[in-house]
(Lines of atoms letter the chains of each structure in order from A and count residues from 1; the text may use other names and numbers.)
(Lines give C-alpha, C1' and ligand atoms only; values in the text may rest on other atoms or scores of the structure.)
Protein backbone atom coordinates (compact mmCIF):
# COMPACT_ATOMS: atom_id res chain seq x y z
CA UNK A 1 0.00 0.00 0.00
CA UNK A 2 2.89 2.35 0.63
CA UNK A 3 3.77 2.45 -3.08
CA UNK A 4 0.23 3.45 -4.03
CA UNK A 5 0.15 6.19 -1.39
CA UNK A 6 3.59 7.50 -2.33
CA UNK A 7 2.69 7.72 -6.01
CA UNK A 8 -0.22 10.06 -5.40
CA UNK A 9 1.62 11.94 -2.65
CA UNK A 10 4.30 12.62 -5.25
CA UNK A 11 1.65 14.02 -7.58
CA UNK A 12 0.00 16.27 -5.00
CA UNK A 13 3.30 17.46 -3.51
CA UNK A 14 4.48 18.35 -7.01
CA UNK A 15 1.28 20.33 -7.59
CA UNK A 16 1.61 22.02 -4.20
CA UNK A 17 5.22 22.95 -4.92
CA UNK A 18 4.31 24.49 -8.27
CA UNK A 19 1.36 26.26 -6.63
CA UNK A 20 3.60 27.75 -3.92
CA UNK A 21 6.13 28.80 -6.57
CA UNK A 22 3.39 30.43 -8.60
CA UNK A 23 2.13 32.39 -5.62
CA UNK A 24 5.67 33.62 -4.93
CA UNK A 25 6.16 34.68 -8.56
CA UNK A 26 2.81 36.49 -8.60
CA UNK A 27 3.59 38.26 -5.31
CA UNK A 28 6.98 39.45 -6.53
CA UNK A 29 5.49 40.63 -9.83
CA UNK A 30 2.77 42.73 -8.20
CA UNK A 31 4.99 45.71 -7.25
CA UNK A 32 6.46 45.75 -10.76
CA UNK A 33 2.99 45.88 -12.31
CA UNK A 34 1.92 48.68 -9.98
CA UNK A 35 5.08 50.60 -10.88
CA UNK A 36 4.39 50.32 -14.58
CA UNK A 37 7.12 47.76 -15.28
CA UNK A 38 6.69 44.64 -17.40
CA UNK A 39 4.65 42.08 -15.44
CA UNK A 40 6.85 39.22 -14.27
CA UNK A 41 4.03 36.70 -14.33
CA UNK A 42 3.75 36.78 -18.13
CA UNK A 43 6.76 34.50 -18.56
CA UNK A 44 5.81 32.21 -15.69
CA UNK A 45 2.02 32.13 -16.03
CA UNK A 46 2.17 28.32 -16.19
CA UNK A 47 3.21 28.33 -12.52
CA UNK A 48 0.12 30.21 -11.35
CA UNK A 49 -2.44 27.55 -10.47
CA UNK A 50 -6.03 27.93 -9.30
CA UNK A 51 -6.20 27.47 -5.53
CA UNK A 52 -9.46 25.56 -5.69
CA UNK A 53 -8.18 23.28 -8.43
CA UNK A 54 -5.13 22.44 -6.30
CA UNK A 55 -7.46 22.05 -3.33
CA UNK A 56 -9.45 19.36 -5.13
CA UNK A 57 -6.31 17.31 -5.76
CA UNK A 58 -5.33 17.70 -2.09
CA UNK A 59 -8.77 16.47 -1.05
CA UNK A 60 -8.52 13.43 -3.34
CA UNK A 61 -5.11 12.41 -1.99
CA UNK A 62 -6.12 13.19 1.59
CA UNK A 63 -9.20 10.98 1.23
CA UNK A 64 -7.09 8.21 -0.33
CA UNK A 65 -4.69 8.36 2.61
CA UNK A 66 -7.57 8.36 5.09
CA UNK A 67 -9.15 5.29 3.47
CA UNK A 68 -5.83 3.40 3.30
CA UNK A 69 -5.16 4.23 6.96
CA UNK A 70 -8.60 2.93 7.99
CA UNK A 71 -7.98 -0.22 5.96
CA UNK A 72 -4.64 -0.70 7.74
CA UNK A 73 -6.22 -0.15 11.17
CA UNK A 74 -8.90 -2.74 10.34
CA UNK A 75 -6.15 -5.33 9.86
CA UNK A 76 -4.50 -4.69 13.24
CA UNK A 77 -4.64 -7.72 15.53
CA UNK A 78 -5.06 -7.89 19.33
CA UNK A 79 -1.38 -7.09 20.03
CA UNK A 80 -1.46 -3.82 18.12
CA UNK A 81 1.61 -2.07 19.56
CA UNK A 82 4.46 -2.30 17.07
CA UNK A 83 2.28 -3.79 14.34
CA UNK A 84 3.25 -2.67 10.85
CA UNK A 85 -0.39 -1.94 9.96
CA UNK A 86 -0.78 0.38 12.97
CA UNK A 87 2.47 2.16 12.14
CA UNK A 88 1.51 2.54 8.47
CA UNK A 89 -1.96 3.90 9.27
CA UNK A 90 -0.75 6.37 11.88
CA UNK A 91 2.04 7.75 9.70
CA UNK A 92 -0.17 8.00 6.60
CA UNK A 93 -2.72 10.01 8.60
CA UNK A 94 0.03 12.46 9.61
CA UNK A 95 0.24 13.55 5.98
CA UNK A 96 -3.35 12.84 4.91
CA UNK A 97 -4.61 15.38 7.45
CA UNK A 98 -2.27 17.96 5.89
CA UNK A 99 -3.71 17.39 2.43
CA UNK A 100 -7.30 17.32 3.70
CA UNK A 101 -6.77 20.63 5.52
CA UNK A 102 -5.14 22.25 2.48
CA UNK A 103 -8.01 21.06 0.30
CA UNK A 104 -10.79 22.20 2.63
CA UNK A 105 -9.07 25.53 3.28
CA UNK A 106 -9.27 26.52 -0.40
CA UNK A 107 -13.04 26.74 0.16
CA UNK A 108 -12.98 28.14 3.74
CA UNK A 109 -10.12 30.61 3.08
CA UNK A 110 -8.66 30.75 6.60
CA UNK A 111 -5.14 32.09 7.21
CA UNK A 112 -3.56 28.63 7.57
CA UNK A 113 -1.74 29.33 10.83
CA UNK A 114 -3.30 26.32 12.57
CA UNK A 115 -2.13 24.14 9.68
CA UNK A 116 1.33 25.64 10.09
CA UNK A 117 1.49 24.55 13.73
CA UNK A 118 0.23 21.10 12.77
CA UNK A 119 3.06 20.94 10.21
CA UNK A 120 5.55 21.57 13.03
CA UNK A 121 4.08 18.57 14.85
CA UNK A 122 4.58 16.47 11.71
CA UNK A 123 8.15 17.75 11.25
CA UNK A 124 9.13 16.91 14.83
CA UNK A 125 7.56 13.44 14.54
CA UNK A 126 9.42 12.82 11.27
CA UNK A 127 12.89 13.41 12.78
CA UNK A 128 13.07 10.38 15.14
CA UNK A 129 11.22 8.31 12.54
CA UNK A 130 13.99 9.08 10.05
CA UNK A 131 16.67 8.15 12.58
CA UNK A 132 14.98 4.88 13.57
CA UNK A 133 14.37 3.90 9.94
CA UNK A 134 18.00 4.55 9.00
CA UNK A 135 19.39 2.73 12.04
CA UNK A 136 17.27 -0.36 11.35
CA UNK A 137 17.80 -0.40 7.57
CA UNK A 138 20.62 -2.99 7.72
CA UNK A 139 22.05 -1.48 4.55
CA UNK A 140 19.03 -2.33 2.36
CA UNK A 141 18.27 0.17 -0.39
CA UNK A 142 14.57 0.80 0.26
CA UNK A 143 14.78 1.31 4.06
CA UNK A 144 17.76 3.64 3.53
CA UNK A 145 15.79 5.60 0.94
CA UNK A 146 12.74 5.69 3.22
CA UNK A 147 14.86 6.98 6.11
CA UNK A 148 16.20 9.75 3.88
CA UNK A 149 12.61 10.45 2.79
CA UNK A 150 11.53 10.97 6.39
CA UNK A 151 14.40 13.41 6.90
CA UNK A 152 13.38 15.32 3.77
CA UNK A 153 9.73 15.39 4.86
CA UNK A 154 10.83 16.78 8.23
CA UNK A 155 12.53 19.66 6.41
CA UNK A 156 9.54 20.32 4.12
CA UNK A 157 6.96 20.30 6.91
CA UNK A 158 9.24 22.55 8.99
CA UNK A 159 9.28 24.98 6.05
CA UNK A 160 5.49 24.80 5.94
CA UNK A 161 5.46 25.82 9.61
CA UNK A 162 7.73 28.79 8.92
CA UNK A 163 5.68 29.79 5.86
CA UNK A 164 2.21 29.37 7.36
CA UNK A 165 2.48 29.83 11.13
CA UNK A 166 5.28 32.41 11.23
CA UNK A 167 4.21 33.98 7.90
CA UNK A 168 7.81 34.37 6.71
CA UNK A 169 8.38 35.22 3.01
CA UNK A 170 10.00 31.91 2.03
CA UNK A 171 7.49 30.78 -0.61
CA UNK A 172 10.02 30.71 -3.46
CA UNK A 173 12.60 28.48 -1.75
CA UNK A 174 9.84 26.37 -0.18
CA UNK A 175 8.21 25.76 -3.55
CA UNK A 176 11.50 24.71 -5.13
CA UNK A 177 12.31 22.31 -2.29
CA UNK A 178 8.80 20.83 -2.32
CA UNK A 179 9.02 20.10 -6.06
CA UNK A 180 12.40 18.38 -5.59
CA UNK A 181 11.18 16.38 -2.59
CA UNK A 182 7.97 15.36 -4.40
CA UNK A 183 9.98 13.76 -7.18
CA UNK A 184 12.83 12.27 -5.14
CA UNK A 185 10.97 10.97 -2.07
CA UNK A 186 7.59 9.98 -3.48
CA UNK A 187 7.18 9.80 -7.25
CA UNK A 188 10.43 7.99 -8.14
CA UNK A 189 10.49 5.47 -5.25
CA UNK A 190 6.76 4.76 -5.70
CA UNK A 191 7.28 3.92 -9.34
CA UNK A 192 10.31 1.73 -8.58
CA UNK A 193 8.36 -0.09 -5.86
CA UNK A 194 5.37 -0.65 -8.14
CA UNK A 195 7.50 -2.18 -10.91
CA UNK A 196 9.63 -4.19 -8.46
CA UNK A 197 12.89 -2.39 -9.21
CA UNK A 198 13.81 -1.20 -5.72
CA UNK A 199 16.05 -3.68 -3.83
CA UNK A 200 15.20 -4.37 -0.21
CA UNK A 201 11.53 -3.51 -0.59
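In this note's numbering, the protein residues as written are -3 to 197. Using N, Cα and C, we set each Cβ at its ideal position, and we do this for glycine too.
Residue i burial status per 10 Å Cβ neighbour count (16 or more: buried)
i: residue 155; result: buried
i: residue 63; result: exposed
i: residue 182; result: buried
i: residue 16; result: buried
i: residue 107; result: exposed
i: residue 192; result: exposed
i: residue 146; result: buried
i: residue 132; result: exposed
i: residue 177; result: buried
i: residue -3; result: exposed
i: residue 91; result: buried
i: residue 105; result: exposed
i: residue 60; result: buried
i: residue 85; result: buried
i: residue 68; result: buried
i: residue 8; result: buried
i: residue 88; result: buried
i: residue 148; result: buried
i: residue 73; result: exposed
i: residue 4; result: buried
i: residue 41; result: exposed
i: residue 194; result: buried
i: residue 66; result: exposed
i: residue 33; result: The predicted model places residue 33 with a pLDDT of 47, which falls under 50 and marks its position as unreliable; any figure quoted below should be read in that light. Flag for residue 33 reads exposed.
Minimum C-alpha distance to residue i - residue among the options
i: residue 57; options: 119, 69, 126 and 97; result: 97
i: residue 22; options: 83, 168, 179 and 186; result: 168
i: residue 157; options: 112, 188, 184 and 174; result: 112
i: residue 138; options: 185, 67, 180 and 175; result: 185
i: residue 14; options: 0, 49 and 3; result: 49
i: residue 43; options: 52, 51 and 11; result: 11
i: residue 129; options: 82, 5, 141 and 119; result: 141
i: residue 53; options: 174, 99 and 124; result: 99
Boundaries (first-last residue) of the alpha helix (DSSP H) holding residue i
i: residue 61; result: 47 to 70
i: residue 166; result: Careful: residue 166 lies outside any alpha helix (DSSP H) and carries neither H nor E.
i: residue 185; result: 184 to 190
i: residue 151; result: 137 to 160
Inset, instruction - Run through the segment 78 to 128 for me and flag every whole alpha helix (DSSP H) of 4 or more residues, listed as ranges in chain order. - result: 80 to 104
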